[in-house]
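When you line the sequence shown up against this note's numbering, it's residues 5 to 210, in that order.
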Amino acid sequence: MRFTSPAVGLVLTAVLVTGCAQGAPSTGDGATAANDGPTTRPTAEPSVTASTFLPPGESTGAVTYDETAVPEGATADVQVRVQDDSTFVQFTGTGLEPDRDFGAHVHTLPCGENPEDSGPHYQNEVDPEATEDEPSTDPAYANPENEVWLDMTTDSSGNAYVASTVEWEFREGEAHSLVLHDEHTATHEGHAGTAGDRLACVTVEF
Ligand SMILES: [Cu+2]
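Below, the structure is given as structure tokens:
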């Protein structure tokens, strides 16, 4: 009888130490140590959509339907950050009509050639009574906790900044735009969530 003993392999790891100083040769001409490494970011990385408004047909990224309120060339910067089950949405606008109220909400569909292309408001808890023809106006659902509202008033230079935090996350692929409206958003029964005409739209993947 023969017993075969398993071969024992001995692996020797050679550690190469490259310890020689390879720093840049000192030229003595005052080259400064550039501190331009990667910028520090918050733990939850925000997604940023920066767009410039154009007339319908020229863009579906950011579209203006009213060039008095939202002139061609006005800009929109939308940041979205998810952290600890809540979602922070921020809008910064420039070049808008000065000293003017806007309503703004996250809508379900991307912007298109027509103002209505962006569909209804995105709701966290969807109003069971809402239909395609009659979107939710029930304050139990159409409110700034269950939707994202970003109502704003521009300053005398046409700039605006507004942010909102909601205690939920968007369902993936169900929110595609931020729509600017003619008025601040109503909160009363039967009209909750309405804010007049759609003036402009920014396509954003929330
Ligand atoms: Cu809206």
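Glycine included, each C-beta is placed from N, C-alpha and C at the ideal position.
If you count every other CB in all the chains shown that lies within 10 Å of the CB of Q127, and 16 or more means buried, which is it?
For this step, residue 127 is matched to residue 123 along the sequence shown. Classification for Q127: buried.
Does the contact criterion of 3 or more C-beta pairs under 8 Å hold for the segment 134–147 versus the segment 77–96?
no
Residues bridged to T91 by DSSP?
In the sequence shown, residue 91 corresponds to position 87, counting from 1. According to DSSP, which records beta bridges pairwise, T91 is partnered with V86, V170.
Coarse secondary structure for P124, derived from DSSP in three states
Looking up residue 124 in the sequence shown gives position 120. P124 falls in the coil class under three-state DSSP.
I believe A146 touches H125 by the beta-carbon criterion, under 8 Å. Please report the beta-carbon distance rounded to the nearest angstrom.
What you label residue 146 is simply residue 142 of the sequence shown in a count that begins at 1. What you label residue 125 is simply residue 121 of the sequence shown in a count that begins at 1. Confirmed, about 7 Å.
Which word fits T44, buried or exposed, when buried means at least 16 other C-beta atoms lie within 10 angstroms of its C-beta?
To locate residue 44, count along the sequence shown from 1; it is residue 40. Reliability fails at T44, whose pLDDT of 44 lies under 50, so the model's placement of it is uncertain and the value that follows must be treated cautiously. Exposed: under 16 other Cβ atoms inside 10 Å.
Determine contact between the segment 160–178 and the segment 51–68, defined as no fewer than three beta-carbon pairs at a distance below 8 Å.
no
Just how far apart, CA to CA, sit E117 and V86?
For the purposes of this step, residue 117 is identified with residue 113 of the sequence shown, where counting begins at 1. For the purposes of this step, residue 86 is identified with residue 82 of the sequence shown, where counting begins at 1. Distance between the alpha carbons of E117 and V86: 30 Å.
Could you check what DSSP says for P60 in three-state terms: helix, strand or coil?
The residue given as residue 60 occupies position 56 in the sequence shown. It is a strand residue.
Host beta strand (DSSP E) of D105 (start-end)
Along the sequence shown, one-based indexing puts residue 105 at 101. Where D105 is concerned, the enclosing beta strand (DSSP E) stretches over 105–111.
With H, G and I counted as helix, E and B as strand and the rest as coil, what does DSSP make of G200?
For the purposes of this step, residue 200 is identified with residue 196 of the sequence shown, where counting begins at 1. Correct three-state label for G200: coil.
Determine the direct distance from the alpha carbon of V67 to that of P75, and round the result to whole angstroms.
The sequence position of residue 75 within the sequence shown is 71, counting from 1. The sequence position of residue 67 within the sequence shown is 63, counting from 1. The alpha-carbon atoms of P75 and V67 are separated by roughly 10 Å.
Closer than 5 Å from C-beta to any heavy atom of ligand 1: which residues, in chain order?
H109, V183
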